[in-house]
Amino acid sequence: MDRSTLELADELRRLLGPKRVLDSRSDLAVYECDAFVLEKNCPSVAVLPESTAEVAAIVRLCNERGVAFVPRGAGTSLSGGGMPVGGGVMIVLTRMREVLEVNLRDRYAVVEPGVVNVNLNKRLAGTGFHYAPDPSSQGACTIGGNAATNAGGPHTLKYGVTVNHVLGVELVTAEGEVVQLGGPIDGSPGPDLVGTIVGGEGTLGIVTKVWVRLTRNPQGVRTMLGIFESVDDATQAISAIIGAGIIPAALEMMDQGILVAVEEAFHFGFPLDAEAILLIEVDGLEVGLDAQRDRIAEICRAHQAREVRFAADAKERLQLWKCRKQAFGAIGRLSPSYCTQDGVVPRSKLPHILQRIRAIGKKHDIRIVNVFHAGDGNIHPILLFDERHAEQVKRVLAASDEILTECLACGGSVTGEHGIGLEKLSFMNRMFSNDDLDVMGRLRDALNPGGLLSPGKLLPTAGACGMEQIHPGRHAPV
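Here it is as structure tokens:
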């Protein structure tokens with residue numbers, strides 16, 4: 006460790022105490038990557054603040070010394086957004102985990118960024134309200150991280166993604182000033198600065214408090230499982246359900262590859278010979294729910310579903326959702342490593358994109374399984390490989406590039422909820438014009454003028470973009 010880093014670590018210890026400043030190689034190894042494991046780099050120092058004032062003081066100190074800094078939540082990001090590209094200070098926000106206020110009358114809660122998503126709903130149990138965004142990693146991911154990437158989840162088909170449920174934020178700016186944008190009142194006048202910060206991936210400021218909208222629990226829920234002999238039939242049924250004017254609370258798809266792993270893990274009784282299943286849920290007023298359920302079942306059967314099962318009770322429904330939301334954890338039964346992609350296509354293009362995914366996997370000799378938010382066209386192909394073998398890594402990256410390129414060709418996007426981070430920087434020039442990127446860059450420069458906050462993320466920079474910025478050995482290093 007060089008002299009300047011030692012001096013910085015000492016100053017941070019004077020600020021936070023010795024136990025909340027980490028600078029040994031063994032401690033920092035924990036923070037070398039997030040859930041995007043193909044790229045790794047350790048921060049120079051990691052700090053664990055417990056208040057907004059401490060975050061602001063850390064940021065001001067980094068500015069004084071000209072040292073880069075990056076915020077991090079639980080590390081569940083799948084695009085490298087939490088990785089420190091060039092080292093610097095990592096500001097770990099997981100100790101800021103208090104639910105500060107629950108206001109049922111005005112239907113909002115105030116939380117710190119390190120609050121785990123599911124813990125807010127545990128706190129709301131019995132109140133008749135819940136927080137609607139429900140990423141599949143909600144048992145681990147934090148609301149601050151969800152805001153950074155504008156996370157989605159199965160039930161956002163009906164209820165909307167994170168930005169639709171954030172009323173306001175407290176923000177430490179890139180220069181260490183504390184400001185509040187929005188608040189408990191919905192529809193604050195002026196520019197939508199809250200909407201700018203949500204999805205900014207920690208490049209525009211560090212969120213230290215979030216005002217979130219609370220949603221009343223539905224009167225009733227109906228959950229069903231459609232079992233299909235082919236992926237094409239399942240995807241055609243998805244379009245037909247939406248085309249019939251029914252907007253389910255959730256409409257998820259799992260193919261045979263992921264079904265095998267989920268069944269081995271949870272023993273739910275999934276039919277292992279099925280090519281695909283749809284997990285479908287409708288909710289709302291009790292009146293009419295049975296009719297919606299029956300209409301969906303009719304549509305599934307019209308598209309060659311061999312069987313439609315209904316969840317018998319709340320226990321069976323929860324078991325179904327456990328299988329879906331913990332599907333990624335079951336992938337370890339299939340492969341030592343995996344890479345989850347995140348693209349979006351129009352629903353009508355789902356049959357096409359899944360056919361292309363199969364062809365791309367065959368071309369690169371990479372096994373790909375699928376579990377995704379089918380109702381809104383947000384696909385999550387999972388590429389299975391062993392990261393210890395460089396040739397496999399190379400093929401995974403090539404296959405990923407082709408899949409996302411095909412999403413763009415379909416009129417879609419290369420991210421629905423995981424963000425751009427480091428992984429998808431090279432696609433920004435393909436999705437947006439130079440004028441678009443110039444406007445985005447000017448906004449970033451206005452809010453992050455020194456460029457010290459989360460450098461090398463989200464927007465391509467002159468001279469290099471995407472993996473070329475960070476992948477030593479294959480591309481030019483920073």
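Heads up: the sequence shown begins at 6 in the working numbering, then just goes up one per residue.
Cβ coordinates follow ideal geometry from the N, Cα and C atoms, glycine included.
Owing to the predicted nature of the structure, the values given are computational and were not obtained by experimental measurement.
Exercise. If we ignore side chains and look at the alpha-carbon of each, how far apart do glutamate 117 and valine 166 end up?
Worked result: The straight-line gap from Cα to Cα measures roughly 19 Å.
Exercise. Less than 8 Å separating the beta-carbons of alanine 255 and leucine 283?
Worked result: Their beta carbons are not under 8 Å apart, which means alanine 255 does not touch leucine 283 by this criterion.
Problem set entry | Contact under 8 Å by Cβ, alanine 79 with glycine 150 | Against a cut-off of 8 Å, the Cβ pair of glycine 150 and alanine 79 comes out as a contact.
Problem set entry | Residue burial classification, glycine 192 (beta-carbon count within 10 angstroms, cutoff 16) | In summary, glycine 192 is exposed, with fewer than 16 beta-carbon neighbours lying within 10 Å of its beta-carbon over all protein chains present.
Problem set entry | Stretch pair the region 121-138 + the region 412-420: three plus CB contacts closer than 8 Å | In short, these stretches do not touch, since the Cβ pair count stays below three.
Exercise. Taking Cβ to Cβ, would you say proline 48 is nearer than 8 Å to glycine 87?
Worked result: Against a cut-off of 8 Å, the Cβ pair of glycine 87 and proline 48 comes out as no contact.
For this session: Verify whether the separation of the beta carbon atoms of histidine 170 and valine 217 is less than 8 Å.
Result: At the C-beta level, histidine 170 and valine 217 come within 8 Å of one another.
Problem set entry | Whole-Å CB distance - aspartate 288 paired with proline 196, under 8 Å assumed | Rounded, the Cβ-Cβ distance is 34 Å, inconsistent with contact.
Exercise. If you draw a straight line from the alpha carbon of leucine 452 to that of phenylalanine 74, how long is it in whole angstroms?
Worked result: C-alpha separation (whole angstroms): 15 Å.
For this session: Measure the alpha-carbon distance for aspartate 3 versus alanine 137 and round it to whole angstroms.
Result: Summary: the structure shown does not reach residue 3, with the chain confined to residues 6 through 483, and so no result is reported for it.
Exercise. If we ignore side chains and look at the alpha-carbon of each, how far apart do glutamine 397 and alanine 266 end up?
Worked result: If I take the Cα positions, the gap works out to 21 Å.
For this session: Tell me the start and end of each unbroken beta strand (DSSP E) in the region 424-472 that is at least 3 residues and wholly inside, in chain order.
Result: With a minimum length of 3 residues, no continuous beta strand (DSSP E) run stays inside the region 424-472.
For this session: Identify every residue that forms a DSSP beta bridge with glutamate 392.
Result: Glutamate 392 pairs with nothing; no bridge assigned.
Exercise. Should arginine 338 be labelled buried (16 or more other beta-carbon atoms within 10 Å of its own) or exposed?
Worked result: It is exposed - the Cβ of arginine 338 has fewer than 16 other Cβ atoms within 10 Å.
Exercise. Under a Cβ-count criterion, where at least 16 other Cβ atoms within 10 Å of its own Cβ denotes burial, should glutamine 346 be classed as buried or exposed?
Worked result: Glutamine 346 should be labelled buried.
Problem set entry | Distance between histidine 135 and threonine 208 (C-alpha atoms, nearest Å) | Taking the straight line from one Cα to the other gives about 29 Å.
Exercise. Around the Cβ of aspartate 238, are there at least 16 other Cβ atoms within 10 angstroms (buried) or fewer (exposed)?
Worked result: Buried, by the Cβ-count rule.
Exercise. Would valine 26 pass as a contact of valine 60 if the rule is Cβ separation under 8 Å?
Worked result: No, Cβ-Cβ distance for valine 26 and valine 60 is not below 8 Å.
Exercise. Which partner residues does leucine 27 have in the DSSP bridge list?
Worked result: For leucine 27, which the question treats as bridged, DSSP gives the partners Ala51.
Problem set entry | alanine 302 versus lysine 429 - alpha carbon distance | Roughly 38 Å between the two C-alpha positions.
Exercise. When every heavy atom of the ligand COA is checked, does at least one fall within less than 7 Å of the C-beta of threonine 420?
Worked result: This structure simply doesn't include the ligand COA, nor any ligand for that matter.
Exercise. What did DSSP end up calling proline 276 once you bin it into helix, strand or coil?
Worked result: Assigned with DSSP and collapsed to three states, proline 276 falls in coil, not helix or strand.
For this session: My understanding is that alanine 281 touches phenylalanine 233, with C-beta atoms under 8 Å, so please give their C-beta distance in whole angstroms.
Result: At roughly 5 Å, the Cβ-Cβ gap stays under 8 Å, so alanine 281 and phenylalanine 233 are in contact.
Exercise. Are the region 52-69 and the region 180-191 in contact at 8 Å, needing three or more beta carbon pairs?
Worked result: The region 52-69 vs the region 180-191: in contact.
Problem set entry | For serine 84, the three-state DSSP class (helix, strand or coil) | Here DSSP, grouped into helix, strand and coil, assigns serine 84 to coil.
Exercise. From Ser142, Pro54, Met95, Leu172, pick the residue whose C-alpha is nearest to that of leucine 83; which is it?
Worked result: Here the closest residue by C-alpha is Ser142.
For this session: Output yes or no for whether 8 Å exceeds the beta carbon distance between methionine 229 and phenylalanine 377.
Result: Using a Cβ distance threshold of 8 Å, methionine 229 and phenylalanine 377 do not count as a contacting pair.
Problem set entry | Simplified DSSP assignment, three categories, for phenylalanine 134 | Here phenylalanine 134 sits in strand by DSSP.
Problem set entry | Other residues of its chain near proline 465: CB distance less than 8 Å, five sequence neighbours each side excluded | The answer, listed in chain order, is Leu430, Ser431, Met433, Asn434, Leu442, Gly471.
Exercise. Distance, Cα to Cα, glutamine 31 vs arginine 298?
Worked result: Note that residue 31 is serine in the sequence shown, not glutamine. Roughly 53 Å between the two C-alpha positions.
Exercise. For proline 159, which of Val174, Lys462, Ala364, Lys330 has the nearest alpha-carbon?
Worked result: For the residues Val174, Lys462, Ala364, Lys330, the minimum Cα distance to proline 159 belongs to Lys330.
For this session: Select from Pro23, Arg70, Ser29, Ala34 the residue whose C-alpha is nearest the C-alpha of proline 54.
Result: The shortest C-alpha separation from proline 54 is found at Pro23.
Problem set entry | Inter-residue Cα distance where the pair is isoleucine 425 and valine 292 | Here the alpha carbons of valine 292 and isoleucine 425 stand approximately 42 Å from one another.
Problem set entry | Minimum C-alpha distance to threonine 178 - residue among Ala317, Arg449, Lys462 | Closest in C-alpha terms to threonine 178, from the list Ala317, Arg449, Lys462, comes Arg449.
Problem set entry | The beta strand (DSSP E) enclosing asparagine 375, as first and last residue numbers | In this chain, the beta strand (DSSP E) harbouring asparagine 375 covers 372-377.
Exercise. Hey, would you say valine 72 sits closer than 8 Å to leucine 427, going by beta carbons?
Worked result: For valine 72 and leucine 427, no; Cβs fall outside 8 Å.
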